[in-house]
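Asks: Here it is, the structure in full.
2 protein chains.
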Amino acid sequence: MSSRCRRIATPFTIAALSASLMLALSPAFAAPPQIVITETQAFDASSVPAYTGDYADVYAQLDKQREADVAQLQRWVRQPSISAQNKGIAQMAELLRDDLSKLGFRDTALVPTSGHPGVYGYYDAGAAHTLVVYMMYDVQPIEPTGWKVDAFAGSLIDEPKLGKVLMARGATNQKGPQRAFLNALDAVIKTRGKPPVNLIVLAEGEEELGSPHYPEVVAKYQEQLRKADGVFFPMNTQNRDGQASMFLGVKGIVYMELEAKGNPTTGGPQRNEVHGSLAAKLDSPSWRLVQALATLTTPDGEIAVPGYRDAIRAPNAEEQRLFNGIVRGAEGEQAKQLEGLGAARWKNGRNVREAAAAELFDTTLNIDGLVAGYTGEGVKTILPHRAVAKVDSRLVPNQTPDQALALIRKQLDAKGFQDIEIRKLSGYPPAQTSVDAPLTRAALGVYRKYGQTPPVAPRIGGSAPYYVFTQTLGLPMIAGGLGHGNGAHAPNEYMVIEPEAGSKIAGLVQVERFYVDLLYSLSDALKQSGK
Amino acid sequence: MSSRCRRIATPFTIAALSASLMLALSPAFAAPPQIVITETQAFDASSVPAYTGDYADVYAQLDKQREADVAQLQRWVRQPSISAQNKGIAQMAELLRDDLSKLGFRDTALVPTSGHPGVYGYYDAGAAHTLVVYMMYDVQPIEPTGWKVDAFAGSLIDEPKLGKVLMARGATNQKGPQRAFLNALDAVIKTRGKPPVNLIVLAEGEEELGSPHYPEVVAKYQEQLRKADGVFFPMNTQNRDGQASMFLGVKGIVYMELEAKGNPTTGGPQRNEVHGSLAAKLDSPSWRLVQALATLTTPDGEIAVPGYRDAIRAPNAEEQRLFNGIVRGAEGEQAKQLEGLGAARWKNGRNVREAAAAELFDTTLNIDGLVAGYTGEGVKTILPHRAVAKVDSRLVPNQTPDQALALIRKQLDAKGFQDIEIRKLSGYPPAQTSVDAPLTRAALGVYRKYGQTPPVAPRIGGSAPYYVFTQTLGLPMIAGGLGHGNGAHAPNEYMVIEPEAGSKIAGLVQVERFYVDLLYSLSDALKQSGK
Numbered sequence: 001m002s003s004r005c006r007r008i009a010t011p012f013t014i015a016a017l018s019a020s021l022m023l024a025l026s027p028a029f030a031a032p033p034q035i036v037i038t039e040t041q042a043f044d045a046s047s048v049p050a051y052t053g054d055y056a057d058v059y060a061q062l063d064k065q066r067e068a069d070v071a072q073l074q075r076w077v078r079q080p081s082i083s084a085q086n087k088g089i090a091q092m093a094e095l096l097r098d099d100l101s102k103l104g105f106r107d108t109a110l111v112p113t114s115g116h117p118g119v120y121g122y123y124d125a126g127a128a129h130t131l132v133v134y135m136m137y138d139v140q141p142i143e144p145t146g147w148k149v150d151a152f153a154g155s156l157i158d159e160p161k162l163g164k165v166l167m168a169r170g171a172t173n174q175k176g177p178q179r180a181f182l183n184a185l186d187a188v189i190k191t192r193g194k195p196p197v198n199l200i201v202l203a204e205g206e207e208e209l210g211s212p213h214y215p216e217v218v219a220k221y222q223e224q225l226r227k228a229d230g231v232f233f234p235m236n237t238q239n240r241d242g243q244a245s246m247f248l249g250v251k252g253i254v255y256m257e258l259e260a261k262g263n264p265t266t267g268g269p270q271r272n273e274v275h276g277s278l279a280a281k282l283d284s285p286s287w288r289l290v291q292a293l294a295t296l297t298t299p300d301g302e303i304a305v306p307g308y309r310d311a312i313r314a315p316n317a318e319e320q321r322l323f324n325g326i327v328r329g330a331e332g333e334q335a336k337q338l339e340g341l342g343a344a345r346w347k348n349g350r351n352v353r354e355a356a357a358a359e360l361f362d363t364t365l366n367i368d369g370l371v372a373g374y375t376g377e378g379v380k381t382i383l384p385h386r387a388v389a390k391v392d393s394r395l396v397p398n399q400t401p402d403q404a405l406a407l408i409r410k411q412l413d414a415k416g417f418q419d420i421e422i423r424k425l426s427g428y429p430p431a432q433t434s435v436d437a438p439l440t441r442a443a444l445g446v447y448r449k450y451g452q453t454p455p456v457a458p459r460i461g462g463s464a465p466y467y468v469f470t471q472t473l474g475l476p477m478i479a480g481g482l483g484h485g486n487g488a489h490a491p492n493e494y495m496v497i498e499p500e501a502g503s504k505i506a507g508l509v510q511v512e513r514f515y516v517d518l519l520y521s522l523s524d525a526l527k528q529s530g531k
Numbered sequence: 001m002s003s004r005c006r007r008i009a010t011p012f013t014i015a016a017l018s019a020s021l022m023l024a025l026s027p028a029f030a031a032p033p034q035i036v037i038t039e040t041q042a043f044d045a046s047s048v049p050a051y052t053g054d055y056a057d058v059y060a061q062l063d064k065q066r067e068a069d070v071a072q073l074q075r076w077v078r079q080p081s082i083s084a085q086n087k088g089i090a091q092m093a094e095l096l097r098d099d100l101s102k103l104g105f106r107d108t109a110l111v112p113t114s115g116h117p118g119v120y121g122y123y124d125a126g127a128a129h130t131l132v133v134y135m136m137y138d139v140q141p142i143e144p145t146g147w148k149v150d151a152f153a154g155s156l157i158d159e160p161k162l163g164k165v166l167m168a169r170g171a172t173n174q175k176g177p178q179r180a181f182l183n184a185l186d187a188v189i190k191t192r193g194k195p196p197v198n199l200i201v202l203a204e205g206e207e208e209l210g211s212p213h214y215p216e217v218v219a220k221y222q223e224q225l226r227k228a229d230g231v232f233f234p235m236n237t238q239n240r241d242g243q244a245s246m247f248l249g250v251k252g253i254v255y256m257e258l259e260a261k262g263n264p265t266t267g268g269p270q271r272n273e274v275h276g277s278l279a280a281k282l283d284s285p286s287w288r289l290v291q292a293l294a295t296l297t298t299p300d301g302e303i304a305v306p307g308y309r310d311a312i313r314a315p316n317a318e319e320q321r322l323f324n325g326i327v328r329g330a331e332g333e334q335a336k337q338l339e340g341l342g343a344a345r346w347k348n349g350r351n352v353r354e355a356a357a358a359e360l361f362d363t364t365l366n367i368d369g370l371v372a373g374y375t376g377e378g379v380k381t382i383l384p385h386r387a388v389a390k391v392d393s394r395l396v397p398n399q400t401p402d403q404a405l406a407l408i409r410k411q412l413d414a415k416g417f418q419d420i421e422i423r424k425l426s427g428y429p430p431a432q433t434s435v436d437a438p439l440t441r442a443a444l445g446v447y448r449k450y451g452q453t454p455p456v457a458p459r460i461g462g463s464a465p466y467y468v469f470t471q472t473l474g475l476p477m478i479a480g481g482l483g484h485g486n487g488a489h490a491p492n493e494y495m496v497i498e499p500e501a502g503s504k505i506a507g508l509v510q511v512e513r514f515y516v517d518l519l520y521s522l523s524d525a526l527k528q529s530g531k
């Protein structure tokens, strides 16, 4: 996942909430601004009946092809595909396209975009319904230090308390689960001749860059996608304890740069930095940026842009029920959660429920980066002619990127900072699927079959451009799977292949079984929901 | 000069004021806070009689050794001595020491410090008085682009409207004028057997780093320096039009880093950056730094630290007379000054006199650099665990570094920002010599002899640790010389060697003649002032 939604792939989002299923409801919730939880019911995935499908012949095939399947994952991670550095991108795109062709996908193609190509393939199962499988074939760059194996060697190593893992860039983010899904599909085709549903694989090679051109890929296959009934994204969702989790949406985002620079009206050097002593008689773009930024938050760092939260709708009954389900027992988990984040408290002293509510239902205004002048070691005295802040805001339902930008612009103007330039670098709305959608319930049923009762979040705090499916195409979208990995954007990324005895983590064969069942279960759900 | 006092060597400080000698006084000066000019008299260097000494034999010797003297400058600039990169530093220190020995200095030595070595030499002329010559043997790093010659080739090239120049790193900052001074001394010794005054050369190799260890060099030779009567620093002071200028002091400085980081009390991630979406529930050190900084200035960027200017004494009568002398005709010059700085106006709409008064008499609070999180191109969403501002304040008489720091600390504490760490990176007080000091008048007399009527600034806006002479040792200190150069901290640094016909810029021989006269003139002044 991109840096925007890293938390999907790292365990501290849903996973951090996932062990919180024990205590009583908290109807008297002391909420951050505008987040009021009045619903007293809590969603509990155990209310969904376990999926009863059984595909013994397919499972046997999975056992049979076990070694080959591990090799498939290795083959994928051995092909570098670093989108930020355009390293191996073309090769990986071709590899994916060719793998789809071998599986029986037709019309397979690289999809040219303004950036890295997308990959398309259509599996015609002669079915009435069609499932889109979203994939990303790119990976994060390699950290210069910290790797204990070659990041592209496809190493299988024994990790204490985990078992045998595939340790490589892309192992869990996202090649491992994606190829495991294709392995499952392969076994289905080998035993049953075809999958129970038509499939469209629509992959991108720029997820780690924030999916800037994925809408182009979607637009190109618009006609084919209009016939689809839902979208699925394969993902390892088990945490280290083996607990799986589910989320039903993502926040939107608007990412901007705010720049102050030397200006004929507000003064300051326009051409280049000048000597620092000139602060006596020249205006400073750096101070100007600081003062402008300071009008956007309170001294405590809370959003102070008038009306910024006005558009946000209150959590609806479903979201409140999901929230209640998630935060049961949250108090008992908060020390662990904070430790995982390296923080000593929640924002401005919020309690754990307020923090969780903010993460799910509130917008943000975050400084991603600040830069002006001399940033090296020691002493250099200059008055910089420009200063830049990188700022992002996560958007919840009813917020839009342009509306958010307009409110920030308006506040800066009102405070006299008309000269501060705002450059929008990216922006898209949130996306969400209902817990009551047949697709969601089908997935939950499969989790139930495998002994999981996943906490279900209405959304995560991170962002991804899933609106292209949920909003542009009006399709329900779910993501999930068994399996555990970590280190998505860090050294020593891994996915567990053979868990240690006694572990609740699924091994590769179990991960693939889950996908087999899910294919049939989702297919049933699509039939049931009709179109 | 270091980045702190770059403006000594570039033409926009005094030089920018130097053509302002035409108009009436402005007794009704509308001043920035606390700067009130009540004095109506203006200092005019033409009131100082021209020096009448004549050293025809020495001048003849200078003519004779002209080519050798140019070669000496070339030899110096061909030896790299980049203090920031420790490139050629040891070699240049040895070269200087050996040159001093060859001239007849005794006890010459490299002076070990915690950083780059100093260089010491004593010329015993058997005189009653002793002049310290401050030198710096280090230079700025080479800019990666923009040089039209090899920066260490010692190239002599013809520049339009200037004439033949030595174009090299260090040509004007400060090897050119320093070696020209030693050439002059050489000619004096060759013709007269010895200089008229004992000399102590005390050089440093860290001027471009802010002279962090020069006090160690001074301390080591404290006893010898106690016998000295004054200090001189050779410098090209002519601007492109040939107008020389003089300054009598420097501001002090305190340079600090302000850092906000994840903190048990104020929150935020303590270990490393976290995902940007966590801004919903974690505190942000970056916002905290922004809000803390915002308490130090007004929205317009004026200092808002209570009491920050309280210690500053009003400009005394001498300073006011000097100021009045400098700003005569300032209005006519301001467009040129602003253009030189690349700015459209003075700070917050000050007029040119207010701006000049602020530069001379007011303190500053300047952001030299800001850095947090991701500062590269494009989109990366993180919540940085630390944010740093590099801030410097220029100090005028009666301010001290520690007092300035304490006031900033107090303001941050009062506004609830106790957690912002302030790290002092350097600090020293201002330095100043009187226009009525015999040394100053002697130098002015020599300028007068060469047809110059330099504007005399009580100080410059930049800083240098001259307090070690003026305050620690109680010595008057002056800097000056004829000669023109530019590009001190920029590509294509040069010093004019043979000016174009009709130019008022002094050629190398004339620069050396000035130093010959100055040696005798200063010697006379030291005798006159007694000790």
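Chains A and B are the protein sequences, given in the same order. Counting with the UniProt record's numbering, you get residues 1 to 531 for the letters of the first sequence. Counting with the UniProt record's numbering, you get residues 1 to 531 for the letters of the second sequence. For every residue, glycine included, the Cβ atom is placed at its ideal position computed from N, Cα and C. A quick note: this is a predicted structure, and the numbers were derived from the prediction, not measured.
1) Please report the straight-line C-alpha distance between A30 of chain A and E354 of chain A, rounded to a whole angstrom.
2) Which residue comes first and which comes last in the alpha helix (DSSP H) that contains E259 of chain B?
3) Below 8 Å on the Cβ atoms is my guess for A187 of chain A versus E512 of chain A; work out the distance and round it to an integer in Å.
4) Would you kindly work out how many angstroms separate the C-alpha atoms of Q270 of chain B and V371 of chain A, rounded to a whole number?
5) State the DSSP-derived secondary structure class of Y520 of chain B, mapped to helix, strand or coil.
6) K347 of chain B CB to nearest chain A CB: under 7 Å?
7) Which same chain residues, not among the five before or five after residue 594 of chain A, have their C-beta less than 7 Å away from its C-beta?
8) Excluding five sequence neighbours on each side, which residues of the same chain lie with their C-beta closer than 7 Å to the C-beta of residue 532 of chain A?
9) What's the call for L522 of chain B, buried or exposed, on a 16-neighbour Cβ count within 10 Å?
10) State the Cα-Cα distance for the pair N314 of chain A and V36 of chain A, rounded to the nearest angstrom.
11) Note down, in chain order, each residue of its chain lying with its Cβ closer than 6 Å to the Cβ of A506 of chain B, except the 5 sequence neighbours on either side.
12) Could you say which of A:E159, A:G176, A:D310 and A:A443 lies nearest to A488 of chain A if we only look at CA atoms?
13) So the alpha helix (DSSP H) E333 of chain A belongs to, where does it begin and stop?
14) Can a CB atom of chain E be found closer than 7 Å to the CB of R394 of chain B?
15) Closer than 8 Å is the cut-off here; do at least three beta carbon pairs connect the segment 193-201 of chain B with the segment 218-231 of chain B?
16) Under DSSP, the alpha helix (DSSP H) around R394 of chain A begins and ends at which residues?
17) When the cut-off is 7 Å and only beta carbons count, does D310 of chain A lie next to chain B?
18) For a contact meaning CB atoms closer than 9 Å, what does P269 of chain B contact in chain A?
19) I'd like to confirm something about R448 of chain B: is its beta-carbon nearer than 6 Å to some heavy atom of the ligand ZN, or not?
20) Taking only beta-carbon atoms, is G332 of chain A less than 7 Å away from chain B?
21) Could you check whether the Cβ of P264 of chain B sits closer than 7 Å to any Cβ belonging to chain A?
22) Please name the residue in A:N366, A:A304, A:A335 and A:L360 whose C-alpha comes closest to that of K410 of chain A.
23) Are the CB atoms of N183 of chain A and D54 of chain A within a distance shorter than 7 Å?
24) Short check: CB of R106 of chain A to CB of Y122 of chain A, under 7 Å?
25) Give the DSSP-derived three-state secondary structure of P499 of chain B in the structure shown.
26) Mind pulling the chain A residues with CB within less than 8 Å of G329 of chain B?
27) Leaving out the 5 sequence neighbours to the left and right, which residues in its chain are closer than 6 Å to E159 of chain A when beta-carbon positions are compared?
28) With 7 Å set as the bound, which would you pick, yes or no: does the beta-carbon of S284 of chain A sit closer than that to a beta-carbon of chain B?
29) Which runs of the beta strand (DSSP E) at least 3 residues long sit entirely within the segment 154-202 of chain B? Give them in chain order.
30) H116 of chain B versus chain A: which residues are under 9 Å apart at the beta carbon?
31) Residue ranges of each beta strand (DSSP E) run of no fewer than 3 residues wholly in the segment 403-471 of chain A, ordered along the chain?
32) Go ahead and pull the three-state DSSP assignment for P401 of chain B.
33) Below 8 Å on the Cβ atoms is my contact criterion, and I expect I291 of chain A with T297 of chain B to pass it. Report the Cβ-Cβ distance as a whole number of Å.
Replies: Once the coordinates are examined:
1) Low per-residue confidence applies at A30 of chain A: pLDDT is 32, beneath 50, and the placement is therefore not dependable, though the value from the model is reported in the following sentence. Answer to the nearest angstrom: the Cα atoms are 7 Å apart.
2) Premise fails: E259 of chain B lies in the beta strand (DSSP E), G252 to K261, not in any alpha helix (DSSP H).
3) Here A187 of chain A really is in contact with E512 of chain A; their C-beta atoms are around 7 Å apart, less than 8 Å.
4) So the two alpha carbons sit approximately 21 Å from each other.
5) helix
6) Chain A places a beta carbon closer than 7 Å to that of K347 of chain B, counting this residue as a contact.
7) This structure gives no information on residue 594 of chain A, because the portion of chain A shown stretches from 1 to 531.
8) This structure leaves residue 532 of chain A out entirely; chain A is present only between 1 and 531.
9) buried
10) According to the sequence displayed, residue 314 of chain A carries Ala and not Asn. If you take the alpha carbons of A314 of chain A and V36 of chain A, they lie about 7 Å apart.
11) L482 and G483
12) A:G176
13) A330 to L341
14) The structure shown contains no chain E; its protein chains are A and B.
15) Because the criterion of three Cβ pairs below 8 Å is met, the segment 193-201 of chain B and the segment 218-231 of chain B touch.
16) Run containing R394 of chain A: none in the alpha helix (DSSP H); it sits in the beta strand (DSSP E), R386 to L395.
17) no
18) L341, G342 and A343
19) The ligand ZN is absent from the structure shown, which contains no ligands of any kind.
20) no
21) yes
22) A:A304
23) no
24) yes
25) In this structure, DSSP gives P499 of chain B an extended state, which the three-state scheme calls strand.
26) At a beta-carbon threshold of 8 Å, none of the residues of chain A lie near G329 of chain B; the nearest stands roughly 17 Å away.
27) V165
28) yes
29) 155-159 and 163-167
30) Those do not exist, as H116 of chain B stays about 14 Å from chain A at its closest Cβ, beyond 9 Å.
31) 421-428
32) helix
33) Reading off the sequence shown, one finds Gln at residue 291 of chain A, where the question assumed Ile. 7 Å between Cβ atoms; contact.
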